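Read through the structure below, which is laid out as structure tokens, and then see the notes.
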Amino acid sequence: MKLVEARHFWALLLLATVVVPAARGIWFDMPSSGSKCVSEELRNNVVVLADYYSLFGEQEDLNSTVAPTISVKVTSPYGKELYHTEKVRYGQFSFTTTEDGNYLACFWADANYQGGKNVTVGIEWKTGIAAKDWDSVARKEKIEGLELELRKLEGAVEAIHENLNDLMARELKMRE
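Letter by letter, the sequence shown follows residues -25 to -1, 1 to 151 of mature numbering (1 follows the signal peptide of the UniProt record, and there is no 0).
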């Protein structure tokens, strides 16, 4: 019987690591004149953390000592500005969603970037359980090792359960 339970545990662990990604990191090239946006559809009351940075878009720019600066604007589904900054090389933003819908983060190169070359932007976008600060949870509750990993898995399973309930509710709406 113990062998069967162990198999179920490892199967659940594998499923949780495949289904619930820790974070989504992307890089994209952006023209020096223009903007690019990324978005994600999120439910109400979801924590979002993101780190972003600009890199040189062209190989010959690697010897330069100054990275191009970018501007960033994050908006809610109804257009409320959640974050806005200009002329930065890197930064971080965080917010908790207040409504269901598509949250949009737009990036554009600042006018001081010369040469008309592409700017590469990297962003690491974490939501929900991936945005939780597990180090502080471990310190506060004095847990470590396997118990901490089990807490993470429990959070992942709860997130999967909430997502499935949300999908079923949407399906019912569409069938009506």
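Ideal Cβ placement from N, Cα and C applies to all residues, glycine included.
Note that the structure is a prediction, hence the values are computed from the model and not measured.
Where residue i sits in the DSSP three-state scheme
i	result
Ser51	coil
Pro(-5)	With a pLDDT of 46 at Pro(-5), under the threshold of 50, the predicted position of this residue should be treated as unreliable, and no value is reported.
Ser8	coil
Glu119	coil
Glu56	strand
Glu137	helix
Glu146	helix
Glu124	helix
Asp110	helix
Beta-bridge partners of residue i, as assigned by DSSP
i	result
Ser46	Trp83
Lys101	Leu24
Asn77	Glu16
Val63	Ile45
Val94	Met5 and Phe31
Thr72	Per DSSP, none; premise fails for Thr72.
Glu129	Its beta-bridge partners do not exist; DSSP assigns none.
Proximity of residue i and residue j at Cβ, strictly below 9 Å
i	j	result
Pro6	Ala84	yes
Ser29	Tyr65	yes
Phe68	Ser10	no
Asp110	Arg18	no
Val94	Asp4	yes
residue 170	Ile1	Outside the displayed range of the chain (-25 to 151) lies residue 170, so it cannot be described from this structure.
Whole-Å CB distance - residue i paired with residue j, under 8 Å assumed
i	j	result
Thr73	Ser51	7 Å
Leu24	Ala106	4 Å
Lys62	Thr44	5 Å
Neighbourhood of residue i by C-beta, 6 Å cutoff - its chain only, sequence neighbours within 5 removed
i	result
Pro(-5)	Residue confidence is low: Pro(-5) scores 46 on pLDDT, short of 50, so the model does not pin down where it sits. Its coordinate-derived value is still stated next. Hits under 6 Å: none found.
Asn77	Ser14, Glu16 and Pro52
Ala80	Val13 and Val49
Ala42	Ser29 and Arg64
residue 210	Absent from the structure is residue 210, since the part of the chain shown begins at -25 and ends at 151.
Asp108	none
8 Å CB neighbourhood of residue i in its chain, flanking five on each side removed
i	result
Ala144	none
Chain-order list of residues whose beta-carbon lies under 7 Å from that of residue i (same chain, five-residue window excluded)
i	result
Glu99	Ala(-3), Gly(-1), Ala25 and Asp26
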